[in-house]
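Student: Numbering (our numbering), first residue to last: 15 to 444. Backbone N, C-alpha and C fix where the C-beta goes; we use that ideal spot for every residue, glycine too. One structure, as structure tokens, below. Some questions next.
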Ligand code: C2E
Ligand code: MG
Ligand code: MG
């Protein structure tokens, strides 16, 4: 089979045939409004095979692997050999999820044992996946799949990478995926353009008094808002978290001051991430916030994830101690999701436990969650800690938590996070 457009060794399309087929399939999928994926597969360390078995042996391996790959995707994809040990699969009507499944199948197929003479070997491969973008040329699509394959090789081979997920250096040289890179630049833009704000969600005691208000970061860039769940991890990776953290502590303290000026001595709780507490200058930032905010330290609370309390590093310990000594209270956030070690609770300098939403959202149906909440509430009480239930959304949950002697609730049922002005109004009405 050495017709024009075909590779004689494998019977697959050759490079020219592949490019023509890609143009045709891309047009077809666009007309049908269907996705189109390209997978580029390459054997790892194939040079060694050629060196050990000679080119004839190498060709035998390629023919064998190609036959298996062709069978694996038969009826779903057009297969091509781009030269050497490089194969391309053109898959019409295939979105990212299906393309990733096919990539896994290709990787599994490649690792099936191959016999050359009397030697048995298990090759491994690297696969790059690219899904056609709007208005993208099919040649560019194939090149993206090739670059993603090279990234899979750079990461050690035996894996696939989806184009767009490759790690590229960000502003401070840390490797980031493309989406993270975009978020990094959006955080900078927000810091420069005033796109960062804090919203506040009241935490309400069962006796009706206000326990505190939690400050939650909101970020808006060019009309688009970014959830803290997206921003914080990127900020931690890039070190931007110090700036964000200083900014939120300062603003939270200033808002506590504003509330006090309005006659509400409401404590403001601010989230502090692990990366912040690992920085030696954390204490300075905390003092600066208290000083510039001009508030009593008792009006500020730090919410920390439980794993932080188990961190034995000296910096974290010193920072926690300094915060306590300054008179700032500490709360354990999202309790129950991390490395809850009840034995450690007695040594932890926190006065509040916030039960994670995961336990609350399944109430009242989940008997086990109910038992856990009951036990933690009792334990916390005996340790003299305030117990807060996060994510309370229904009256039923509220009633159960009251029965379980939880101290306070936070959740959409009573109040959603709101901006600083709205909080003043809300407190007035409450
Ligand atoms: P968190 O500290 O556990 O904050 C509570 C989260 O639960 C908030 O999400 C809040 O909007 C949400 N929430 C409150 N009540 C309900 C409810 O009834 N139902 C549901 N489904 N959700 C509820 P948000 O604002 O998206 O924040 C997510 C996380 O991001 C926070 O979890 C916190 O860990 C982190 N974060 C937020 N702001 C900051 C910040 O300034 N600094 C740091 N380091 N982390 C922050
Ligand atoms: Mg929190
Ligand atoms: Mg929480």
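Please give me, in chain order, every unbroken run of the alpha helix (DSSP H) with length at least 4 that falls completely inside the region 306 to 378.
Tutor: When DSSP assignments are scanned along the region 306 to 378, the uninterrupted stretches of alpha helix (DSSP H) that are 4 or more residues long and fall wholly within it turn out to be 320 to 323, 328 to 340, 356 to 359 and 371 to 375.
Student: Beta-carbon within less than 7 Å of residue 429's beta-carbon, same chain only, minus the 5 sequence neighbours each way: which residues are those?
Tutor: 215, 216 and 440
Student: Can you check which of these residues, 263, 171, 70 and 30, is closest to residue 291 by C-alpha distance?
Tutor: 263
Student: Identify whether residue 31 lies in helix, strand or coil by the three-state DSSP scheme.
Tutor: Correct three-state label for residue 31: helix.
Student: Note the first and the last residue of the continuous alpha helix (DSSP H) segment covering residue 404.
Tutor: Taken as a continuous stretch (DSSP letters only), residue 404 belongs to no alpha helix (DSSP H), as it is neither H nor E.
Student: Where residue 359 and residue 156 are concerned, what is the direct C-alpha to C-alpha distance, given to the nearest angstrom?
Tutor: 55 Å
Student: Would you kindly work out how many angstroms separate the C-alpha atoms of residue 431 and residue 328, rounded to a whole number?
Tutor: 35 Å
Student: Using a threshold of 8 Å, is the CB atom of residue 288 nearer than that to any non-hydrogen atom of ligand 3?
Tutor: no
Student: How big is the Cα-Cα spacing for residue 32 and residue 127?
Tutor: The alpha-carbon atoms of residue 32 and residue 127 are separated by roughly 28 Å.
Student: Taking 8 Å as the line, does the beta carbon of residue 317 fall inside it for any heavy atom of ligand 3?
Tutor: yes
Student: Which of helix, strand or coil does DSSP assign to residue 275?
Tutor: Residue 275: helix per DSSP, three-state reduction.
Student: Check whether the Cβ of residue 228 lies closer than 8 Å to any heavy atom of ligand 2, and answer yes or no.
Tutor: yes
Student: From the DSSP output, read off the bridge partner residues of residue 103.
Tutor: 53 and 93
Student: Relative to the C-alpha of residue 332, which residue among 320, 356, 302 and 298 is closest?
Tutor: 298
Student: Start and end of the beta strand (DSSP E) containing residue 135?
Tutor: 133 to 135
Student: Three-state secondary structure (DSSP) at residue 298?
Tutor: Helix, per DSSP.
Student: So residue 162 and residue 177 are supposed to be a Cβ contact under 8 Å. How far apart are they, rounded?
Tutor: That belief holds up - the Cβ atoms of residue 162 and residue 177 are roughly 4 Å apart, short of 8 Å.
Student: On the three-state DSSP scale, how would you describe residue 228?
Tutor: Note: residue 228 maps to strand in three-state DSSP.
Student: Starting from the Cα of residue 279, find the closest Cα among 314, 254 and 372 and give me that residue.
Tutor: 314
Student: Nearest to residue 121 by alpha carbon, out of 59, 129, 187 and 139?
Tutor: 139
Student: Using a threshold of 9 Å, state whether the C-beta atoms of residue 400 and residue 225 are closer than that.
Tutor: yes
Student: Restricting to Cα atoms, I'd like to know which of 311, 308, 344 and 340 is closest to residue 322.
Tutor: 344
Student: Under the rule that 16 or more other beta-carbon atoms within 10 Å means buried, what is residue 437, buried or exposed?
Tutor: With 16 or more Cβ atoms within 10 Å of its Cβ, residue 437 is classed as buried.
Student: Out of curiosity, what's the CA-to-CA distance linking residue 427 and residue 366?
Tutor: Taking the straight line from one Cα to the other gives about 21 Å.
Student: Hey, quick one: how far does the alpha helix (DSSP H) through residue 119 stretch, first residue to last?
Tutor: Run containing residue 119: 110 to 124, per the alpha helix (DSSP H) assignment.
Student: Using a threshold of 9 Å, state whether the C-beta atoms of residue 145 and residue 75 are closer than that.
Tutor: no
Student: Can you give me the C-alpha to C-alpha distance between residue 442 and residue 393, rounded to a whole angstrom?
Tutor: 34 Å
Student: Between the alpha carbons of residue 15 and residue 95, how many angstroms are there, rounded?
Tutor: For residue 15, the predicted structure reports a pLDDT of 45, less than 50, and the residue's modelled location is therefore unreliable. The matter cannot be settled from this model.
Student: Could you tell me whether the region 189 to 197 touches the region 412 to 427, using the rule of 3 or more Cβ pairs below 8 Å?
Tutor: These segments do not touch.
Student: Going by DSSP, what residue range makes up the beta strand (DSSP E) through residue 210?
Tutor: 210 to 219
Student: Helix, strand or coil for residue 15 per DSSP?
Tutor: At residue 15, the pLDDT of 45 sits below 50, so the modelled position is not reliable and the matter cannot be decided from this model.
Student: If distances are taken between C-alpha atoms only, which option among 169, 45, 78 and 296 comes closest to residue 137?
Tutor: Checked all of 169, 45, 78 and 296; the closest Cα to residue 137 is 78.
Student: If you follow the beta strand (DSSP E) that residue 189 is in, where does it begin and where does it stop?
Tutor: That run of the beta strand (DSSP E) goes 189 to 191.
Student: From residue 34 to residue 125, what distance separates their C-alpha atoms?
Tutor: 30 Å
Student: Under DSSP, the beta strand (DSSP E) around residue 240 begins and ends at which residues?
Tutor: That run of the beta strand (DSSP E) goes 238 to 240.
Student: For residue 181, which of helix, strand or coil comes out of DSSP?
Tutor: Of the three classes helix, strand and coil, the one that applies to residue 181 here is strand, per DSSP.
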